[in-house]
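So the protein lines, in turn, are chains A and B. Under my numbering, think of the first position of the first sequence as 1, with each following residue one higher. Under my numbering, think of the first position of the second sequence as 616, with each following residue one higher. Working notes, structure below.
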Amino acid sequence: MLHRTLIKDHLQEQNVFRRRALVAAVVCLLLIFVLFIRLFNLQVLEHKHFNKLSENNRVRLMAIAPNRGLIYDRNGVILAENRPSYRLEVTPEQVEDMDWLLTELGQLVELDESTLKRFRKAIKRSRPFEAIPLRTALSDDEVARLAVNRHKYAGMDISARLSRFYPQGKSAVHVMGYVGRIDEDELKIVDQTQYAGTSHIGKTGLERFYEDELHGKVGHQSVEVNVQGRILRVLEKKQPVPGNNLILSLDTRLQSVAEKSLEDYNGAAVVMNPNNGEILALVSMPIYDPNLFVHGIALKDYQRLQNPDTRPMYNRALYGQYPPGSTIKQFVGLAGLESKVIGHKMTIPCEGFYMLPNEERRYRDWKKTGHGHVDLQDALAESCDVYYYELANRLGIDRIHDFMQKFGFGKPTGVDIQGEKGGLLPSREWKMRTRNKIWFPGETLIAGIGQGYVLATPMQLASATSILAMRGKGYRPRLLNEIFDPATGESRVKEPVPLPEIKLNRPQNWDHVIKGMVNVVHSIRGTARSSGIGLKFKMAGKTGTAQVFGVAQDAEYDEDTIAKKLRDHALFVAFAPADKPEIAIAVIAENGGSGSSVAAPIVRKILDTWLQTKE
Amino acid sequence: MIGDSGFGNNNKEHSFSIKLVQMLHLDPLLLMGILLLSTAGLVVLYSAGDQSMSLINKQITRLFLAFIIMLILAHVSPTALRFWSPWIYSIGIILLILVLTVGDMGKGAQRWLDLGFVRFQPSEMMKLATPMMLAWYFSDKPLPPRFKHLLVAAVLLLLPTLLIAKQPDLGTALIIFAAGFLVVFLAGLSWRIMVFLGISGAALLPVLWHYMHDYQRNRVLTFLNPESDPLGTGYHIIQSKIAIGSGGIYGRGWLNGSQSHLDFLPEQSTDFIFAVFAEEFGLIGGMFLLALYIFIILRGLVIAVQAQDSYGRLLGGSISVTFFVYLFVNVGMVSGILPVVGVPLPLISYGGTSMVTLMASFGILMSINTHRRIWAR
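In structure tokens form, the structure reads like this:
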């Protein structure tokens, strides 16, 4: 205490404080004087100006939602547009008794519980003078009833707005996606100013992926209103900038033919141009009507879409991960040639089954009697399993993994729709990491014929087939060709995005494999020979029949006795013309039974339509 | 001093009042200022809240609660307060870190700590704890402060400021920084250092800009050019300027503000309540309100000057001038000379937490004043 008093000079400290407090007081007074000057300015000098503003402050600023961009297919067929629809709006500040009004309106139009709940929520987060939509998509009758009774209800209004419409209905729904009302979570993410007048936002598909392009920029208008808040005239208007139009690579005709030919199945088809990655058709069956979602889907409609057997809302082309079965044999064959574990002329005897040394288990061929001595091209044409068991065994899983990875297996292709799945390309390292188990040689065999752990989406199969067709020079698949800005008239054409080129040590290996695929369609013993009849050019393809459940050792496999759900998936991948590819296709029909009798004819139908559209 | 307070004519009554006031450790002048201001607040709140009695009742309940806290703090002697200062500060810092890690998100910012039974805003507590801590720190140091002491003080000041700015709550961070800095200033921070800080502060502005949240940047941008965002933040400023300006010299009269009643004005019961006041009571009313504030601030400074130790002086001085900072930032914002930062108009804006803090700080001022007298005897 003592030495503190020695260095602390109380009197001096008090003086310092006194001076500082005085400074503080003077500064405070000066700043208060600044505030006074400001108030004097606003209230005396500019009073007239502000008074006028205030008198005229029946002037309100309202956001104007921009028109959402339109979506066209490659030939200019419109896929998504905006059509006027009527909606009932209520402006809370003009309503004396909200409960009364809602009951009254409930007698004129249908207002269910969830509509009312959403409306009450919207009241809380809006300014009281903002008109809040109560009901959308009013029918003509409802509009008429409301219009007649309008004078009784202050604060109620009917407005015509543009709302999204998909003129093609169900077709291409999985590509387009749909818009729906902005929900709570989306409200937190979106730019509050830009979405001030917007009620809908892209929920899935392209509508979601290209939301930023489609939305446009908000406009606003100052309007003069009377004391009740009704708009008298528009004083000033800043037009919104409409969203950009999208022009897709999709071909509506091809799309609907693909849909039609797959309509008996749950399944998917992807058609693309291997020369630039443009997707011409992307089908997931069954399809549903996106227009149901625009004004809020009715519960019973929604429940129908939740059918666990068909799951219409599930985009099988991008999210469906299937065992690819024999449709990957050409890649495994190519891996074998490149690693020199086989030569393209080398033959392997097939007796209908394969056995690993020191193992009892018989790995069966689909053909019980066997294929005899087959080389690579025969093995592709006839889809000999034993050949690929042997080949896979020689390669080992890691070489298969490393080679097939280059064709995009095991990761999403990067197509422009959210949430695409990456399939599964197994490896030793993968199994140890995810299951903490070592890899068994038998697993390599079944991976070699696209079964076991291997999974791929139809999108991946189409993309990999394209890369093979182009002899390694693939392009990233995409749906969008061009973005057109209707405000400036400028258009941005999307350039094809080349994938890293796959270079083979021996480029003639491409020809060996592609020859084998041509034989699938055009040779006497080819599994898809019936789909090649009458074709004016050579098509290269590969059938696949993927097991959904394992058949016990030596058990008889009788298709008729097996419930449809357990029947094999039918697959077919193809490209054409074989020497100068212009189109690549992947098709899967769930529980279709067999690739050659179900999937290949579907591909042929698509191909025929494509030829017609080309001519 | 007490004789000036103008309580009653009767001598007997007069001495009773003195006794009561002394017993409660109240300062009659300060009390009078507070009561007048709160009353004015209730009057304008009645109008701003569209004549809703429930709003008024809630505000009265809050005032009452805050008043009790003031009475309690007036009873705590400055010596005890000084003793507890570092503890309160440390707990506050810990709570702030907790808020950042486990706090609730409200309006995109983490401010609240849910203690199960009550939601609590630690940043509010730091508005008092920070100047208390700094006053405690300087209370046994030689003043004006040495350089090394200033460095420690800077850490004590910047720690809570940055933690709160990170929540992000720019308004509160600003108030806390001001409250703490005022302690250092009143302790005798040399003018040379202040000029240096001013210059380097200006140089650091671009850096600050870099670390700001988008909504904060928007506010600054909108402040610089309100027309750029007439649908968002700019709307607030434009409408509130119209409200103030249209009030004129005499105002439109109580309950007659068209801006406020047609709901053009945003947050009219809370941060923008001054605009309602100015619209209805005009320049005259505004001057009266400013005068009341000046009265309270000056009275607070007088109490601080008369305090007998440096803890009381520094804390009292900081509390008084911080009260002014509230006023200046709020009125500056509402009248469009400062950017929109969420600072309430003290004792008038509708709302609970800041009311309690303010009244607590007045309790401390009264404690500094009244305990001094007893001690002096």
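Beta carbons are placed, not taken as given, at the ideal position from N, Cα and C, and that holds for glycine. Here the structure is a predicted model, which means the values were calculated and not measured.
Starting from the C-beta of residue 780 of chain B, find all residues in its chain whose C-beta is less than 6 Å away, skip the five residues before and the five after it, and write them out in chain order.
Counting from 1 along the second sequence, the entry for residue 780 of chain B is found at position 165. Counting only Cβ-Cβ distances below 6 Å, and skipping sequence neighbours, we find 788.
Given that a residue counts as buried once 16 or more other Cβ atoms are within 10 Å of its Cβ, and exposed if not, what is residue 13 of chain A?
Taking the first residue of the first sequence as 1, we reach residue 13 of chain A at position 13. By the 10 Å Cβ count, residue 13 of chain A comes out buried.
Exposed or buried, residue 437 of chain A, counting other C-beta atoms within 10 Å across all chains shown (16 or more means buried)?
Stepping through the first sequence from its first residue, residue 437 of chain A is reached at position 437. Result: exposed.
On the criterion of 16 or more Cβ atoms from any shown chain inside 10 Å, does residue 460 of chain A qualify as buried, or is it exposed?
Within the first sequence, the letter at position 460 stands for residue 460 of chain A. Looking at its Cβ environment, which holds 16 or more other Cβ atoms inside 10 Å, residue 460 of chain A is buried.
Tell me which same chain residues have a C-beta within less than 6 Å of the C-beta of residue 770 of chain B, skipping the five on either side of it?
Here residue 770 of chain B is taken as the residue at index 155 of the second sequence, counted from 1. No residues qualify anywhere along the chain.
Smallest Cα separation from residue 280 of chain A: which of A:269, A:287 and A:290?
By one-based count along the first sequence, residue 280 of chain A stands at place 280. With distances taken between Cα atoms, residue 280 of chain A lies closest to A:269.
Hey, could you find the ends of the beta strand (DSSP E) residue 676 of chain B is sitting in?
Taking the first residue of the second sequence as 1, we reach residue 676 of chain B at position 61. It is not in any beta strand (DSSP E) - residue 676 of chain B instead sits in the alpha helix (DSSP H) that spans 668 to 690.
Taking contact to mean at least 3 C-beta pairs separated by less than 8 Å, is the region 349 to 367 of chain A in contact with the region 493 to 502 of chain A?
no
Please classify residue 865 of chain B as buried or exposed, where buried requires at least 16 neighbouring CB atoms within 10 angstroms.
Here residue 865 of chain B corresponds to residue number 250 of the second sequence, with the count starting at 1. So residue 865 of chain B counts as exposed.
Can you give me the C-alpha to C-alpha distance between residue 66 of chain A and residue 486 of chain A, rounded to a whole angstrom?
Here residue 66 of chain A refers to the residue found at position 66 when the first sequence is read from its first residue. Here residue 486 of chain A refers to the residue found at position 486 when the first sequence is read from its first residue. Taking the straight line joining both Cα atoms gives about 12 Å.
Considering residue 945 of chain B, what are the terminal residues of the alpha helix (DSSP H) in which it resides?
As a position in the second sequence, residue 945 of chain B is number 330, starting the count at 1. Here the alpha helix (DSSP H) through residue 945 of chain B covers 925 to 949.
Sequence-distant residues of the same chain with beta carbon closer than 6 Å to residue 914 of chain B, five excluded per side:
For the purposes of this step, residue 914 of chain B is taken as residue 299 along the second sequence, with counting starting at 1. Counting only Cβ-Cβ distances below 6 Å, and skipping sequence neighbours, we find 644 and 645.
Note the first and the last residue of the continuous beta strand (DSSP E) segment covering residue 575 of chain A.
Indexing the first sequence from 1 puts residue 575 of chain A at position 575. Here the beta strand (DSSP E) through residue 575 of chain A covers 569 to 576.
Below 7 Å CB to CB, which residues in the same chain sit around residue 305 of chain A once its five sequence neighbours on both sides are set aside?
Taking the first residue of the first sequence as position 1, residue 305 of chain A is located at position 305. Excluding residues within five positions, the ones whose Cβ falls inside 7 Å are 288, 312 and 313.
Give me the residue from B:635, B:651, B:897 and B:674 with the minimum Cα distance to residue 42 of chain A.
Taking the first sequence and counting its residues from 1, the one referred to as residue 42 of chain A is at position 42. For the residues B:635, B:651, B:897 and B:674, the minimum Cα distance to residue 42 of chain A belongs to B:897.
From residue 888 of chain B to residue 908 of chain B, what does the alpha carbon distance come to, in whole angstroms?
Locating residue 888 of chain B in the second sequence gives position 273, counting from the first residue. Locating residue 908 of chain B in the second sequence gives position 293, counting from the first residue. Whole-angstrom Cα-Cα distance: 16 Å.
The region 795 to 810 of chain B in contact with the region 949 to 960 of chain B per 3-pair CB rule at 8 Å:
no
Anything in the region 22 to 36 of chain A with a Cβ closer than 8 Å to a Cβ of chain B? List those residues in chain order, please.
24, 25, 28, 29, 31, 32, 34, 35 and 36
Just to confirm, does residue 111 of chain A get its C-beta within under 7 Å of one of the non-hydrogen atoms of the ligand FAD?
With respect to the ligand FAD, the structure offers nothing, as it holds no ligand at all.
Helix, strand or coil: how does DSSP classify residue 220 of chain A here?
As a first step, residue 220 of chain A must be located in the first sequence, where it is residue number 220. It is a strand residue.
Chain B beta carbons: is any one of them nearer than 8 Å to that of residue 20 of chain A?
Here residue 20 of chain A corresponds to residue number 20 of the first sequence, with the count starting at 1. So yes, residue 20 of chain A belongs to the interface.
Taking only three categories from DSSP, how would you classify residue 416 of chain A?
For the purposes of this step, residue 416 of chain A is taken as residue 416 along the first sequence, with counting starting at 1. Three-state result, residue 416 of chain A: coil.
One or two residues paired with residue 372 of chain A in a DSSP bridge:
In the first sequence, residue 372 of chain A corresponds to position 372, counting from 1. Answer by DSSP bridge pairing, in chain order: A:350.
I'd like to know whether the C-beta atoms of residue 396 of chain A and residue 434 of chain A end up nearer to each other than 8 Å.
Counted from its first residue, the first sequence places residue 396 of chain A at position 396. Counted from its first residue, the first sequence places residue 434 of chain A at position 434. Going by C-beta atoms, residue 396 of chain A is not nearer than 8 Å to residue 434 of chain A.
Please confirm if residue 944 of chain B has its CB atom under 8 Å from at least one CB of chain A.
On the second sequence, residue 944 of chain B is found 329 positions in, with the first residue counted as 1. Closer than 8 Å: no.
With distances taken Cα to Cα, identify the nearest neighbour of residue 748 of chain B among B:826, B:926 and B:861.
In the second sequence, residue 748 of chain B corresponds to position 133, counting from 1. Closest by alpha carbon: B:926.
Residue 757 of chain B and residue 16 of chain A closer than 8 Å at C-beta
As a working mapping, residue 757 of chain B is identified with position 142 in the second sequence. As a working mapping, residue 16 of chain A is identified with position 16 in the first sequence. In this structure, residue 16 of chain A does not lie closer than 8 Å to residue 757 of chain B by Cβ.
Status (buried if at least 16 other CB within 10 Å, exposed otherwise) for residue 94 of chain A
Translated into the one-based positions of the first sequence, residue 94 of chain A becomes position 94. Buried: at least 16 other Cβ atoms inside 10 Å.
Quick one: what's got a C-beta closer than 7 Å to residue 197 of chain A's C-beta in the same chain, skipping five residues either side?
Counting from one through the first sequence, the residue named residue 197 of chain A turns up at place 197. Correct list, in chain order: 63, 64, 65 and 218.
Please list, in chain order, the residues of the region 748 to 768 of chain B that have any C-beta partner in chain A closer than 9 Å.
755, 756, 757, 758 and 759
What are the start and end residues of the alpha helix (DSSP H) that includes residue 546 of chain A?
For the purposes of this step, residue 546 of chain A is taken as residue 546 along the first sequence, with counting starting at 1. Taken as a continuous stretch (DSSP letters only), residue 546 of chain A belongs to no alpha helix (DSSP H), being part of the beta strand (DSSP E) at 540 to 546.
C-beta neighbour in chain B for residue 215 of chain A, strict 8 Å
Along the first sequence, one-based indexing puts residue 215 of chain A at 215. It does not: the Cβ of residue 215 of chain A has no partner Cβ on chain B nearer than 8 Å.
Chain A within 8 Å of residue 920 of chain B, Cβ atoms only:
One-based indexing of the second sequence puts residue 920 of chain B at position 305. It does: the Cβ of residue 920 of chain B has a partner Cβ on chain A nearer than 8 Å.
Which residues mark the beginning and the end of the alpha helix (DSSP H) in which residue 393 of chain A is found?
Position 393 of the first sequence, counting from 1, holds the residue named residue 393 of chain A. Here the alpha helix (DSSP H) through residue 393 of chain A covers 385 to 395.
At a cut of 8 Å, does the region 565 to 579 of chain A reach the region 588 to 595 of chain A through at least three beta carbon pairs?
yes
Of all the residues that make up the region 181 to 194 of chain A, which are near chain B by a beta-carbon distance shorter than 9 Å?
188, 192 and 193
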